[in-house]
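A.B. asks: The listed protein sequences derive, respectively, from chains A and B.
Residues in the first sequence are numbered consecutively from 14, following my numbering.
Residues in the second sequence are numbered consecutively from 1260, following my numbering.
Below you will find the structure I want to go over with you.
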Amino acid sequence: MRAPFVPHTEAEVAEMLTFLGLASLDELFATVPAAVRLAGGLSLPDHMSEADVTDRLFELGERNKPVGRSLVCFAGAGAYDHEVPAVVRSLASRSEFVTAYTPYQPEVSQGVLQAIFEYQTMVARLSGLEIANGSLYDGAASLMEGVNLAVAATGNSRVLLSAGVNPRWREVLATFSHGPGHEIVELPLVQGRTDFSAAAGEPAGAVVVGFPNFLGCLDDMAGARQLADATGARLVVCYDPVASGLLKSPGSLGADVAVGEGQPLGVALSFGGPYLGLFSCRSRDVRRLPGRLVGETLDSEGTLSYVTTLRAREQDIRREKASSNVCTNQTLMAVTAAIQLGWLGPAGLREVALGSARAARYAREALLGIEGVEAATEAATFREFALRLPVEAEVAIERLAEEGYLAGVSVREGYEGTDLEGTLLVATTERRTRQEIDGFAASLEKAVR
Amino acid sequence: MTSETETTPAAPGGRALSAPLMGHEAEPTLFDLSVSGRSAASFRTTELPAWSAEELLPAELLAGEAARLPEVSERDLVAHFTRLTHRQYSVDLGAYPLGSCTMKYNPKVCDEAASARHFAAVHPAAPASCTQGWLEVLVELEEMLCAITGMSAATLQPAAGAAGELTGLLLMRRYHEERGEERHRVIIPDSAHGTNPASVTLGGYEVTTVGTNERGGVDLEGLRAALDTDVAGIMLTNPNTLGLFEEDIVEIAAAVHEVGGLLYYDGANLNAILGVVRPGDMGFDIVHLNLHKTFATPHGGGGPGAGPVAVSERLVEYLPGPRPVRLPEGGFGWARPSRSIGRLHSWHGNALVLLRAWTYLRLHGADGLRQVAEIAVLNANWMKERLRESYDIAYDRTVMHECVLSAKSLDDETGLRALDVAKRLLELGFHSPTVYFPLIVKEALMIEPTETESPQTLAALAEALELIASEARAAGSSESARGAPRTTPVRRVDEARAARHLVATYDQRSG
């Protein structure tokens, strides 16, 4: 067997070994102690040709049900079936973007650097804050970094966290809080909206709220801001970038830090990744910003150029005192988001937001018309809503998948013991048609009967 | 080796001197190209009632005006981003010998796998009955990664190496907590990647740095002096960032285990040892892998990566969940380890990156991977020997997948620094090596050719590096590199200015 992408001929290998004064390739590994060297080969399946691997992938793929005409998507919970046009897929898969490394040599990396600069501008505008970084791993990672920024900026590790924040993100935050030792205090939901009065008057480092929240509800942002002011905390808002096509931005509602999941901006559902974490903040916190930041500069001839900047925050320079440990982020997804937003423009983003909200209204009315189906929350929602069904949500989801509908996401993790547990979270996008929603409602009616 | 003509030497496939980078004007931003009222987007016909925003949402929350985004035609959008790609170096264009980054060729079949609808259009919350193919891929990938590292189980959730490091440190913390022990320090060699100490801080530990001995390995005596029962563990890269195998690894492992600490393996340099030695056999308890390095998933200009973490038996129950598993009754599902540290990712990790790595591994098998390591190491040693007359060798012994050279003598003799070498190399048709890392080598030039560069490319790269040294020595100055790079889309950029006058968005531009 030859490794398929190694170009060396046997004669070339022999020539190189001779140049090195070695008799065999094994001699290259003489410094590896014999006691630990692997006897025999790795225990792996045999190598396959490209054609055979492709066949195998086809078989495996057939055991998945992608969303589309045969599985109409009403699932969201942070991953949405939005329109992604051919032009976005085509540009984002150009190999100069795909196969580049981190732009350490700016003179030959202006393409990626400028695309990130444009992305940063668009995210700053959508979030209504001055500064955005060049992306983080996903929404949960952005939340974790946002809380870390807030805690570092205030010197207070008490975190007031709304139960309306995506429960998987809350769990990620809890996982990573074990290290720095944040104290997380949960703010409960009442009818789908955060009860900000539940937090005692003690000082805090961060107030965290979702807008819209996990259940699709629109929280009382003035209340969130008041709590942040009263406790001396930074207000961290988890937002949906699509909502910025219609709703006020997090920044204009008082956010100090805005974090979000960027998947709705042109990224395929991808079984959950790679997505991208949106992160923006006010200028006063720029030196605590996690991850990469691209800035403008000039080259030696005075030509406008781009380069990664404020590098002194980063791990490779500040090491244990860095603002974050992030190195590799999700640049390609950030470039994708910039292309998608360029395709959408202001009118297109508004159309996505409005179309999603219209479909949500229509679907909500259609589904609430089914006997035994009730709204789980009363508050106004944007494009997602929770329903209480006569059967467990998981049962409905399995039955509906047989009928060609991905009915939604069951609300359970993070809501154990609340009246929301076991409800079905339904999401819509601008891609959902009247016919699809009518069909979904008819199938759900059968499934819960 | 000669070319097809049998009379002239074969040309180097990895030299990008012919790339037609056009003109020297700056590319306008998308905002500069915007014309009010122009648009590219179009959508499905839904036949839904045309409710207004005011009918759908509380009026006090509606934005007064639309989000400010550029307004361009699809044609201009394509032209803009295509021109940006012409201002960007990439593996597909030529050799990318960035040390520590393992910029090998990214197979196209892996990209094609990741773009297939049956993988790319699957919702992450779809029930397991709809995702059996995905779950099988993930379970098989975990099994292959465990076989390669000599570990018992792995989490695929970490999105990149640094996320893997933090995961590993949280696993370390949980392990000690479960044993009722409170430990405060983690040991890191002074040659380590910067992510290691940064992750240690985020993991709630303090960094203790140990030095490097004269052979480029961990200073064993210094390590022994630093070890006590306050040490939670050690983070090691092996081969280390000098490209050298830690010859004392068995003794290091024994000493750390002796005080009850754990060994963490930073997989950044795993490419060198595939099929030769496994971290588990060296005594490591926790291993992160960089799939975007070792298993050729494309780096995307700075991500996405994937940083799975594999662990030994005693840590399996602490792994993040939910994990994809084989079900006893057949098929695949999800399970949470009993004492899990909790979730690390919004969903299941960078799944399409994981799929690419699965594809790469199935194309290679055990023999293929062993050859990957052998040729990667052969290429790095060839470069080191070939450049011996032109540059200093930081630690002169057999290297693994990369070699660390130094421009120290060259700087002393001519004033030509590592940065000048990097910039001059750009105009000779190659991306530069990593410079000024590891920090313990002055004027470091860290070269990692990888196994996918041919002997012809290696020779051309070596010739270019030799030319840079010889022209400076002939002139007795750094004059030859002073204006470099001259052929690139922009000339040497002023990094200090960017930090001094921060302009990080179009809206911060003045005038």
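Beta carbons are placed, not taken as given, at the ideal position from N, Cα and C, and that holds for glycine.
These figures come from a predicted structure and were not determined experimentally.
Alpha carbon to alpha carbon, how far is S1665/B from K1643/B?
C.D. replies: 11 Å
A.B. asks: Leaving out five residues before and five after E434/A in sequence, what residues of the same chain have Cβ atoms less than 8 Å from its Cβ?
C.D. replies: Excluding residues up to 5 positions away in sequence, V424, R425, Y428 lie with their Cβ nearer than 8 Å to the Cβ of E434/A in the same chain.
A.B. asks: Do the segment 1361–1368 of chain B and the segment 1695–1705 of chain B make contact, defined as three or more Cβ pairs closer than 8 Å?
C.D. replies: no
A.B. asks: Going residue by residue through the segment 1657–1709 of chain B, where are the continuous alpha helix (DSSP H) segments of at least 4 residues, counting only ones entirely within it?
C.D. replies: 1667–1673, 1677–1685
A.B. asks: My output table needs one value for I1446/B: the three-state DSSP class, helix, strand or coil.
C.D. replies: strand
A.B. asks: Give the straight-line distance between the Cα atoms of A1375/B and Q343/A, rounded to the nearest whole angstrom.
C.D. replies: Taking the straight line from one Cα to the other gives about 20 Å.
A.B. asks: Report back the beta-carbon spacing between G1608/B and P1596/B to the nearest angstrom; my notes put them in contact at under 8 Å.
C.D. replies: Contact doesn't hold; Cβ gap of about 16 Å is too wide.
A.B. asks: Would you tell me roughly how many angstroms separate the C-alpha atoms of T1454/B and R332/A, rounded to the nearest one?
C.D. replies: 7 Å
A.B. asks: Under a three-way DSSP split, which group does S318/A fall into?
C.D. replies: strand
A.B. asks: What do you get for H1690/B, buried or exposed, if any count of 16 or more other CB atoms within 10 angstroms of its CB means buried?
C.D. replies: buried
A.B. asks: Taking a Cβ distance cut-off of 8 Å, strictly less, list which residues of the segment 296–316 of chain A are near chain B, in chain order.
C.D. replies: Here the close residues are V299, R305, L306, V307, G308, E309, T310, L311, D312, S313, E314, T316.
A.B. asks: Could you give the distance in angstroms between the alpha-carbon of T1344/B and the alpha-carbon of R107/A?
C.D. replies: 8 Å
A.B. asks: Around the C-beta of K78/A, are 16 or more other C-beta atoms found within 10 angstroms, so that it is buried, or is it exposed?
C.D. replies: buried
A.B. asks: Inspect the CB distances between the segment 182–196 of chain A and the segment 370–390 of chain A and report whether three or more fall short of 8 Å.
C.D. replies: no
A.B. asks: Please report how far the alpha carbon of A1740/B lies from the alpha carbon of T1657/B, in whole angstroms.
C.D. replies: 31 Å
A.B. asks: I think L1289/B touches G355/A, with their Cβ atoms under 8 Å apart; what is that distance to the nearest whole Å?
C.D. replies: 5 Å
A.B. asks: Counting pairs of Cβ atoms below 8 Å between the segment 409–417 of chain A and the segment 75–89 of chain A, do you hit three or more?
C.D. replies: yes
A.B. asks: Identify the contact partners of H1660/B in chain A, using a Cβ-Cβ distance below 8 Å as the criterion.
C.D. replies: Neighbours of H1660/B on chain A: none; closest Cβ ~10 Å, over 8 Å.
A.B. asks: So which residues of chain B does I352/A contact, with C-beta pairs closer than 8 Å?
C.D. replies: L1336, F1340
A.B. asks: Answer yes or no: do F398/A and V461/A have a C-beta to C-beta separation smaller than 7 Å?
C.D. replies: no
A.B. asks: If you follow the alpha helix (DSSP H) that W1393/B is in, where does it begin and where does it stop?
C.D. replies: 1391–1408
A.B. asks: Could you tell me whether any Cβ in chain A is nearer than 7 Å to the Cβ of A1491/B?
C.D. replies: no
A.B. asks: Run down chain B in chain order and give the residues with a C-beta less than 9 Å from the C-beta of A154/A.
C.D. replies: A1418, A1422, L1603, H1604, S1605
A.B. asks: Where DSSP assigns a beta bridge to V1368/B, which residues make up the other side?
C.D. replies: Partner(s): none; V1368/B has no beta bridge.
A.B. asks: Can you confirm whether G286/A, when its beta carbon is compared against all beta carbons of chain B, has any partner nearer than 7 Å?
C.D. replies: yes
A.B. asks: Can the beta-carbon of S1713/B be found closer than 7 Å to that of P359/A?
C.D. replies: Contact flag unset, no.
A.B. asks: Any beta carbon of chain B sitting closer than 7 Å to that of L380/A?
C.D. replies: no
A.B. asks: Quick one: give me the first and last residue of the alpha helix (DSSP H) that R1645/B is part of.
C.D. replies: 1610–1645
A.B. asks: With 16 as the cutoff for other CB atoms within 10 Å, does H95/A come out buried or exposed?
C.D. replies: Label assigned to H95/A: buried.
A.B. asks: Can you name the residues of chain B whose CB is closer than 7 Å to the CB of I410/A?
C.D. replies: P1386
A.B. asks: Need the endpoints of the beta strand (DSSP E) that G159/A sits in, please.
C.D. replies: It is not in any beta strand (DSSP E) - G159/A instead sits in the alpha helix (DSSP H) that spans 152–167.
A.B. asks: Can you list the residues of chain A that N1609/B reaches, using a CB-CB cut of under 7 Å?
C.D. replies: G286, P287
A.B. asks: Would you identify the three-state DSSP class for L282/A, choosing helix, strand or coil?
C.D. replies: Coil, per DSSP.
A.B. asks: What residue from S1293/B, P1708/B, T1305/B has the CA that sits closest to Y375/A's CA?
C.D. replies: Between Y375/A and the set S1293/B, P1708/B, T1305/B, the nearest pair of CA atoms involves T1305/B.
A.B. asks: Anything in chain B within Cβ reach of F18/A, meaning under 7 Å, just list it in chain order.
C.D. replies: Y1364, P1366, T1711
A.B. asks: First and last residue of the alpha helix (DSSP H) that includes A1757/B?
C.D. replies: 1754–1759
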